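Here the structure is laid out as structure tokens; the discussion comes afterwards.
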Amino acid sequence: MGETLWVRAVRGAAPVPGNTPRSILYATRKLLTAISDRNSLQPENIISVILSLTPDLNAAFPAEAARELGWLNVPLFCTTEIPVPGALKMCVRVLVHAYLPCKQDEVKHIYLEEAAALRPDIHGQKNG
Numbered sequence: 001m002g003e004t005l006w007v008r009a010v011r012g013a014a015p016v017p018g019n020t021p022r023s024i025l026y027a028t029r030k031l032l033t034a035i036s037d038r039n040s041l042q043p044e045n046i047i048s049v050i051l052s053l054t055p056d057l058n059a060a061f062p063a064e065a066a067r068e069l070g071w072l073n074v075p076l077f078c079t080t081e082i083p084v085p086g087a088l089k090m091c092v093r094v095l096v097h098a099y100l101p102c103k104q105d106e107v108k109h110i111y112l113e114e115a116a117a118l119r120p121d122i123h124g125q126k127n128g
């Protein structure tokens, strides 16, 4: 008998160094790989993925990076973040819905480099 799996959501974000296909796909692969590694996530356990880019990024669909990682049968959806004044620019964000063998508070959300500022509660930073 296998372990119990629960439906969980994993969040993450990463900075993108430039508005080029190469930069967008590299940052997205790096983020998705980190999420997969830290959560022991297998593509067959992924329900769906929402990927978003800030409005200053439009050179590629970030879903292409997931396909490059072998997420061939995973439903993927790309969208644009709302342009909130003062928000972090040049950023890819992700919301992964998956079956995971952990409690809700054990999910490892991944915010890379400058994107860690989006979730100071996770990264031990103080607001303001």
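Using our numbering, the first residue of the sequence shown is number 1, and each one after it goes up by one. Ideal Cβ positions, reconstructed from N, Cα and C, are used throughout, including at glycine. None of these values were measured; they are calculated from a predicted model.
Beta-carbon separation (whole angstroms), residue i vs residue j, contact threshold 8 angstroms
| i | j | result |
| --- | --- | --- |
| residue 96 | residue 35 | 6 angstroms |
| residue 98 | residue 29 | Actually they are not in contact, since the Cβ atoms of residue 98 and residue 29 sit about 18 angstroms apart, beyond 8 angstroms. |
| residue 101 | residue 4 | 7 angstroms |
| residue 81 | residue 93 | 7 angstroms |
Beta-ladder partner(s) of residue i, from DSSP
| i | result |
| --- | --- |
| residue 21 | DSSP, once it has assigned bridges, lists no residue as partnering residue 21. |
| residue 9 | 97 |
| residue 15 | 91 |
| residue 26 | Per DSSP, none; premise fails for residue 26. |
Residue closest to residue i, alpha-carbon to alpha-carbon, out of the options
| i | options | result |
| --- | --- | --- |
| residue 75 | 51, 15, 60 | 51 |
| residue 19 | 110, 60, 108 | 60 |
| residue 86 | 13, 63, 117, 48 | 117 |
| residue 56 | 72, 46, 79 | 79 |
| residue 70 | 16, 26, 104, 42 | 42 |
| residue 64 | 46, 26, 15 | 26 |
| residue 17 | 45, 40, 105, 89 | 89 |
| residue 53 | 73, 91, 114, 44 | 91 |
| residue 22 | 106, 46, 58 | 58 |
Extent of the continuous beta strand (DSSP E) to which residue i belongs
| i | result |
| --- | --- |
| residue 102 | Taken as a continuous stretch (DSSP letters only), residue 102 belongs to no beta strand (DSSP E), as it is neither H nor E. |
| residue 76 | 76-80 |
Legend entry - Length at least 3, wholly inside the segment 33-70: the beta strand (DSSP E) runs in chain order: 46-53
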